[in-house]
Each structure stands twice: as C-alpha cells, then as structure tokens.
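2 protein chains.
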Amino acid sequence: MGTKERRVREKKVLRGKILDAARELFVEEGYAAVTMRKIAAAIEYSPTAIYLHFRDKEAVINAICDTDFLKLATRFRKIAEVADPIERLRASGLAYADFALRHPNHYRLMFMTPHPPHSPEESVIEVGNRDQDAYAFVLWTAGEAIAQGRLRPELDDAELVAQIVWSAIHGWVSLRMTKCNEPWVDWRPQKRSIEAVIDVSIRGIARTPPEASPRTTRKGKG
Amino acid sequence: MGTKERRVREKKVLRGKILDAARELFVEEGYAAVTMRKIAAAIEYSPTAIYLHFRDKEAVINAICDTDFLKLATRFRKIAEVADPIERLRASGLAYADFALRHPNHYRLMFMTPHPPHSPEESVIEVGNRDQDAYAFVLWTAGEAIAQGRLRPELDDAELVAQIVWSAIHGWVSLRMTKCNEPWVDWRPQKRSIEAVIDVSIRGIARTPPEASPRTTRKGKG
C-alpha cells in the first residue's frame, strides 16, 4: 500500500477515535464541560493533533450527529420496503428502540443531552431525504398513512402524527435509560413493554383498530 | 418572635436555599460533577454550614426528590376526585405535563438526570400511598380502569398500563426540553400537541374509542 493510502486510512481511524471519545465525554460530562483539550487527552493525543481534524468543539458535535443520525437512517432504510404505512410505522418504532438499546451512548447524545442544534447547513445529511434523514422517514410514513385514509380524520397533520409516535417511543427508551434502577417502579419486561407502547400508539392514531378491521369490511359489504 | 422560632425559620430558609442551588447544579453539571463544596459556594456559605443540614450529597439528592415528588403528588391529589378513571388518567397526564413545563429544572432532575435511585427507606414519602407517591396515583387510576372493564382485555396489568401512558407523556415533555431548537423538526404548538399525545394514549388503551361508545351501546340494545 502506498504512503498516501496509508495516511488516508490513518486519518480516518483517528477521526473515528476522536468522535468516539468525544461522544462518551459529552454524554458523561455534558456538552458545556468538555473542551478540545479533554477530548485530546482522552485518546492520548496533543490538542494540536485533533485541531487538524476539527476546527472546534461544534465541528466535533456536528460530525458525531452526522454519523449517528445516518446510522439510524440506515436502519430505517431497511424497512422502507414494508408497503403498508401502518406496519412500516410499527417496524420503524421497533427499529428505533432497538437502535437505542444497542447504542445507548449514541442515543443519549442524539436525543437526551442538550447541545447546540444540529445545523442542516453544516450537515452532510440532506434534510427531507428519507434515505438519510430519519425524521423524514417517519414523516413520509405518517404522510402515507394519512393519504391512504388509515388514520383518524382529525389527525391530518403528518408532522403532528410523527411527533406523537416519536414521543411515545422516546419516552419509553429514555425512562428505561434514566430510571431503570428506580425502586418505586416495577418495570415490565422490555420486549413486551416496547411492543405494547408501539401498539397503543398505533391503535390510538388509527381510524379502525387493527383487529376490528375485517369485521368492519364484511359489514360494509353485507 | 422568640429566638428559637427565629432559628427554626432561618434553618428552614437555608435548607430551601441549599436544595434550590443543588437542584440547579445537578441539572447543569450532572450529579457526579457536583460536590458539597460547590453547593456551598453557589449560596456563598462555608461547606461546614451545609454539612449541618445534610450529611452528604446523597442526603441532598434524597431531600430534593422528596420535596419535588411530593409537589407532583400534590398536583395529582387535586384530581383524585375525578370519578371516571379514564378522565382521571387524562387529567393526570395534563397535570404532569403542566408541572414539567412550569418547573423544568425540577422535572429535569426528577426524570432526565441520572443520579442514585431515590431510596424508599430514605424517603419521607410512603410508597404506594397515592396522596404522596405520584406513581402510585397513576397505578391506582390504571387499576380502576382495568377493574371497570374500560381497557382492552389484554391490558390487564396496571403497572404496564401506567408505564405506557407515562412513556408517551414523558417522551413529549423531554423531547420538547432537549430538542426544541432542532431545525430538522417542525414542532407543533404545545397545547394541541400534548392533548393529542394524551388522547392517542387513551384511545390506544381503551376498549372502545370514546366517541364510538354511544353507538356501540345503542347497537347492543337494539
């Protein structure tokens, strides 16, 4: 391998190390308390070395957001082929919760740690492109469910529907992460509980409760 | 006023100051980063002075949890008289969100900031007493809804029902607090949005969608 290729590869590896260390520090200590110097110290590099990759802390958080939100969008992309928008909504809820449980530090930084907003101008992610923008994926699915008359007629706003479903699943994930040791609460098993949360959301927005559907159809024909 | 009364009053005021300063520090810097010395400095007292009130940082967080969870339970107590358990669930959801928006720092520390669990042994709150324990209030309401046959038959576990409804409302509150400046999301107006979140949860758990109720009854009679 040539010197140039080696340098490109090494640069990429170091960039990944910086992002991983910074993600952990931001989650542990809060965005405000972390400095470029602390990030450098965590990976045993000089501050100068990391300034070669990122001009400041904001560039670091933007790069982490890009990487992590693309990772989530990639999970969603795999379920884009689910044709039924209600079933796609259910699948994306499960994929979202699974992503959170597999990557708790990513999740904490993405959705639970205050930091400067992820600016679309500074991002490699194209806003509204559902292959890249995970929120756009949910918005698209909610919009299809509305267009196909699957939701209660008063829920005609895809943005509101997306925010309702997102709230329920984020609430479940984040309470589990923050309050899991709370002795006041007898937490129910994870799988049963997240499936119930998603099911309740979907029944709550749907025009016809899923299991009542065939009966209604038959009645309509008879 | 006698010297003793003055001392008791002063002690109470100082205790409140310590708790307010500590709550803010825990939320801003994270539980781990805060020391008794920092809390003392925030109110311009010597560390010795605050050790007269609290033996350590854990005693401080326990006292904050007691105060703040009792405050929430007091909000719930006012709606205990709502006889219909479904309407009481709706009212407690609205009261919970209102509490969070009015006392964001309290809320952040209670539900969004990792810290040692609030030990029932160290607490003045009686676990399971719905006048004092806010979670027990929701559990009681969910249990009544189940006992009256108001929920879908598969939702026969009050603990699970309480966790589902709590997740939805906590998710809405906490996303608003953490991601409100996110340019990717077009947040819908607060009032409309929290009412929709609660309505969707209740429709999702209820046996009969509220507005379909009279029709079903008529059909049953005819």
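Chains as they are written, first to last, in the numbering used here: chain P, 96 to 317; chain Y, 96 to 317. All C-beta atoms, glycine included, are put in the ideal place defined by N, C-alpha and C.
On the criterion of 16 or more Cβ atoms from any shown chain inside 10 Å, does residue i qualify as buried, or is it exposed?
i                 : result
THR236 of chain P : buried
THR143 of chain Y : exposed
ASP281 of chain P : exposed
LEU352 of chain P : As displayed, chain P neither begins before 96 nor continues past 317, which places residue 352 of chain P out of reach and without an answer.
VAL122 of chain Y : buried
GLY244 of chain P : exposed
PRO180 of chain Y : buried
ARG132 of chain P : exposed
LYS107 of chain Y : exposed
GLN285 of chain Y : exposed
ASP193 of chain P : exposed
SER141 of chain P : exposed
SER214 of chain P : exposed
ARG101 of chain Y : exposed
VAL222 of chain P : exposed
LYS173 of chain P : exposed
CYS275 of chain P : exposed
ASP151 of chain Y : exposed
DSSP three-state call for residue i: helix, strand or coil?
i                 : result
ALA175 of chain P : coil
LEU147 of chain P : coil
LEU250 of chain P : coil
ASN200 of chain Y : helix
PRO215 of chain P : helix
GLU182 of chain Y : helix
GLU153 of chain Y : helix
THR162 of chain P : helix
TYR140 of chain Y : coil
GLY317 of chain P : Reliability fails at GLY317 of chain P, whose pLDDT of 31 lies under 50, so the model's placement of it is uncertain and the value that follows must be treated cautiously. Note: GLY317 of chain P maps to coil in three-state DSSP.
ARG170 of chain P : helix
GLY223 of chain Y : coil
Check the Cβ of residue i against every Cβ in chain P and list those closer than 9 Å, keeping chain order.
i                 : result
GLY244 of chain Y : The premise fails here: GLY244 of chain Y is roughly 16 Å from chain P at the closest Cβ pair, so nothing lies under 9 Å.
GLY188 of chain Y : Those within 9 Å of GLY188 of chain Y in chain P number zero; the least Cβ separation is about 12 Å.
LEU196 of chain Y : Chain P residues near LEU196 of chain Y: none, gap ~14 Å exceeds 9 Å.
VAL222 of chain Y : PRO278 and TRP279
PRO180 of chain Y : Under the 9 Å cutoff, chain P gives no residues; its nearest Cβ is about 16 Å from PRO180 of chain Y.
PRO215 of chain Y : PRO278 and TRP279
Check for me: the alpha helix (DSSP H) holding residue i runs from which residue to which?
i                 : result
PHE121 of chain Y : 98-124
GLY238 of chain Y : 229-242
ALA136 of chain Y : 131-137
Please compile the residues from chain P whose C-beta is within a distance smaller than 7 Å of the C-beta of residue i.
i                 : result
TYR230 of chain Y : TRP279 and VAL280
ILE259 of chain Y : ALA291, VAL292 and VAL295
GLY125 of chain Y : GLU124 and GLY125
ALA237 of chain Y : Those within 7 Å of ALA237 of chain Y in chain P number zero; the least Cβ separation is about 12 Å.
Using a cut-off of 8 Å between C-beta atoms, extract the partners of residue i located in chain P.
i                 : result
HIS265 of chain Y : GLY266, SER269 and LEU270
PRO199 of chain Y : Those within 8 Å of PRO199 of chain Y in chain P number zero; the least Cβ separation is about 11 Å.
Given that residue i touches chain Y, what residues does it touch there, using C-beta distances under 7 Å?
i                 : result
ILE300 of chain P : VAL295
THR273 of chain P : PHE206, MET207 and PRO209
ASN276 of chain P : PRO212
SER262 of chain P : ALA263, GLY266, TRP267, LEU270 and VAL292
If the cut is a Cβ gap below 9 Å, which residues of chain Y does residue i touch?
i                 : result
LEU255 of chain P : ARG283, ARG287, SER288 and ALA291
ALA136 of chain P : Near ALA136 of chain P there are no residues of chain Y at all, since even the closest Cβ is about 17 Å away, more than 9 Å.
Find the residues of chain Y that neighbour residue i, judging by a C-beta separation of less than 8 Å, and give them in chain order.
i                 : result
ASP360 of chain P : Because chain P in this structure spans residues 96 to 317, residue 360 of chain P falls outside the shown range and cannot be described.
VAL233 of chain P : The contacting residues do not exist; VAL233 of chain P stays about 10 Å from chain Y at best.
PRO248 of chain P : The premise fails here: PRO248 of chain P is roughly 11 Å from chain Y at the closest Cβ pair, so nothing lies under 8 Å.
### Task
For the segment 250-305 of chain P, list the alpha helix (DSSP H) runs that are entirely contained and at least 4 residues long, ordered along the chain.
Listed in chain order, the alpha helix (DSSP H) elements of length 4 or more contained wholly in the segment 250-305 of chain P are 253-274 and 285-300.
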